[in-house]
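Colleague:
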Amino acid sequence: MVDIRYNKFMQNLDEALQTLGLSQNEGNVYKVLLTSGWITVLALSRKCLHKRSTLYRLLESLCQKGLAETRVDEKTTYYAVAGSDSLKEKVSEEIRRVNKFQEAAALVQLQYNSILATEPQRTEVRFHRGVKSIQMVEWKTAQAEDSETLVFATNQWTNFAGRELSEQIREERLNRNATIKELANEKNYGKIPKNGKVGWTTNKDYLLKIYRHRLIPSSVLPITNETLIQANSVYFYGLENNEIVVLEFISTSYANLVKGLFNMAWKDAKALDDFGS
Numbered sequence: 003m004v005d006i007r008y009n010k011f012m013q014n015l016d017e018a019l020q021t022l023g024l025s026q027n028e029g030n031v032y033k034v035l036l037t038s039g040w041i042t043v044l045a046l047s048r049k050c051l052h053k054r055s056t057l058y059r060l061l062e063s064l065c066q067k068g069l070a071e072t073r074v075d076e077k078t079t080y081y082a083v084a085g086s087d088s089l090k091e092k093v094s095e096e097i098r099r100v101n102k103f104q105e106a107a108a109l110v111q112l113q114y115n116s117i118l119a120t121e122p123q124r125t126e127v128r129f130h131r132g133v134k135s136i137q138m139v140e141w142k143t144a145q146a147e148d149s150e151t152l153v154f155a156t157n158q159w160t161n162f163a164g165r166e167l168s169e170q171i172r173e174e175r176l177n178r179n180a181t182i183k184e185l186a187n188e189k190n191y192g193k194i195p196k197n198g199k200v201g202w203t204t205n206k207d208y209l210l211k212i213y214r215h216r217l218i219p220s221s222v223l224p225i226t227n228e229t230l231i232q233a234n235s236v237y238f239y240g241l242e243n244n245e246i247v248v249l250e251f252i253s254t255s256y257a258n259l260v261k262g263l264f265n266m267a268w269k270d271a272k273a274l275d276d277f278g279s
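The numbering of the sequence shown is my numbering, which starts it at 3 and goes up by one.
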């Protein structure tokens, strides 16, 4: 039973010494020092079976790690296990080193994030064809987290998406309470009455709560194709050689540019409705 406990103790000691950064040979020398008191290199070599040149190197390493200490007499040098205060100082030193490492790592991460924030953003362009592409874009923008969608509007998307799907998309925007601003030419839209009754939708809450539209003369700004603008994306679609096409630009900087142009035109456009802005 005693042998089992001793073996377990020695196993735990070996693991602890490895955790402290000792090699197997350094650990063996340290364990001999534990039971030897002050001892010379010559006497230690007889117990460890290491050459004295190797022992000097191992003992020097143990002293540097704060686990061994020396006592010099007139004729020889003695070695022993360092006291507990030395080990405590070693632990404190490691804690300080780890703290400095954490501070340095935090600084590097901060600099890395700053560099990412100031780097030119990559612009991704996607090309889609067909009616389903417009339906996909409308659903994508309706379900986005954006609180606002800006539109250079025509009546194209309703014609392409169909009446039923158009109403579903309006309901989705209403449920998300996401404002939609449409800027159109006079030929496409007219005044919306206070009761919200129009011919192109039956969703009165959509019109009165989240929908805003203004008109701008085509002589000032001809709007011939539908363009949707969100926080980091711009969608442009229409007919090209009798084929429905959609261009999707994923770029925050490009979206901000087009958004700025929209807001400039919005200020000069004519507000017809008696609600909202």
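The C-beta atom is built at its ideal place from N, Cα and C for all residues, glycine as well.
1) Between the Cα of Ala233 and those of Phe251, Asn244, Gly68, spot the shortest distance and give me the residue it belongs to.
2) Arg1 by DSSP, collapsed to three states: which one?
3) How would you write the range of the alpha helix (DSSP H) that Tyr213 sits in, first residue to last?
4) Report the rounded CA-to-CA distance for Glu28 versus Glu126, giving the unit in angstroms.
5) Per DSSP, which one or two residues make a beta bridge with Arg73?
6) Per DSSP, Gly240 forms a beta bridge with which residues?
7) Quick one: what does DSSP say Val153 is sitting in, helix, strand or coil?
8) Tell me which same chain residues have a C-beta within less than 6 Å of the C-beta of Leu274, skipping the five on either side of it?
9) Going by beta-carbon coordinates alone, are Leu61 and Tyr80 separated by less than 7 Å?
10) Tell me whether Ala107 is buried or exposed, calling it buried when 16 or more other Cβ atoms sit within 10 Å of its Cβ.
11) Determine the extent of the beta strand (DSSP E) in which Thr229 is found, giving its start and end residues.
12) Which two residues bound the contiguous beta strand (DSSP E) that contains Leu57?
13) So what does DSSP say about Asn196, is it helix, strand or coil?
14) Compute the Euclidean distance between the alpha carbons of Ala18 and Thr42, then round it to the nearest angstrom.
15) Compare the C-alpha of Pro224 against each of Arg172, Phe154, Gln26 and name the closest.
Modeller: So, from the listed chains and residues:
1) Within the sequence shown, the letter at position 231 stands for residue 233. Of the candidates Phe251, Asn244, Gly68, the residue whose Cα lies closest to the Cα of Ala233 is Phe251.
2) Limits of the chain in this structure are 3 at one end and 279 at the other, which puts residue 1 out of reach.
3) The count along the sequence shown starts at 1 and reaches residue 213 at position 211. Premise fails: Tyr213 lies in the beta strand (DSSP E), 213-217, not in any alpha helix (DSSP H).
4) For this step, residue 28 is matched to residue 26 along the sequence shown. For this step, residue 126 is matched to residue 124 along the sequence shown. Near 58 Å, if we compare the C-alpha coordinates of Glu126 and Glu28.
5) Residue 73 sits at position 71 when you count from the first residue of the sequence shown. DSSP lists Tyr80 as the beta-bridge partner residues of Arg73.
6) Against the sequence shown, residue 240 aligns to sequence position 238. Looking at the DSSP output, Gly240 sits in a beta bridge with Val247.
7) Position 151 of the sequence shown holds residue 153. Val153: strand per DSSP, three-state reduction.
8) Here residue 274 refers to the residue found at position 272 of the sequence shown. The residues are Lys193.
9) One-based indexing of the sequence shown puts residue 61 at position 59. One-based indexing of the sequence shown puts residue 80 at position 78. For Leu61 and Tyr80, no; Cβs fall outside 7 Å.
10) The sequence position of residue 107 within the sequence shown is 105, counting from 1. The residue is exposed, with fewer than 16 neighbouring Cβ atoms inside 10 Å.
11) By 1-based counting over the sequence shown, the position of residue 229 is 227. Boundaries of the beta strand (DSSP E) around Thr229: 228-231.
12) Against the sequence shown, residue 57 aligns to sequence position 55. It is not in any beta strand (DSSP E) - Leu57 instead sits in the alpha helix (DSSP H) that spans 54-66.
13) Locating residue 196 in the sequence shown gives position 194, counting from the first residue. The question names Asn, but residue 196 in the sequence shown is Lys. Coil, per DSSP.
14) As a first step, residue 18 is located in the sequence shown; it is residue number 16 there, counting from the start. As a first step, residue 42 is located in the sequence shown; it is residue number 40 there, counting from the start. A direct Cα-to-Cα measurement between Ala18 and Thr42 gives close to 25 Å.
15) Residue 224 sits at position 222 when you count from the first residue of the sequence shown. The option with the nearest alpha carbon to Pro224 is Phe154.
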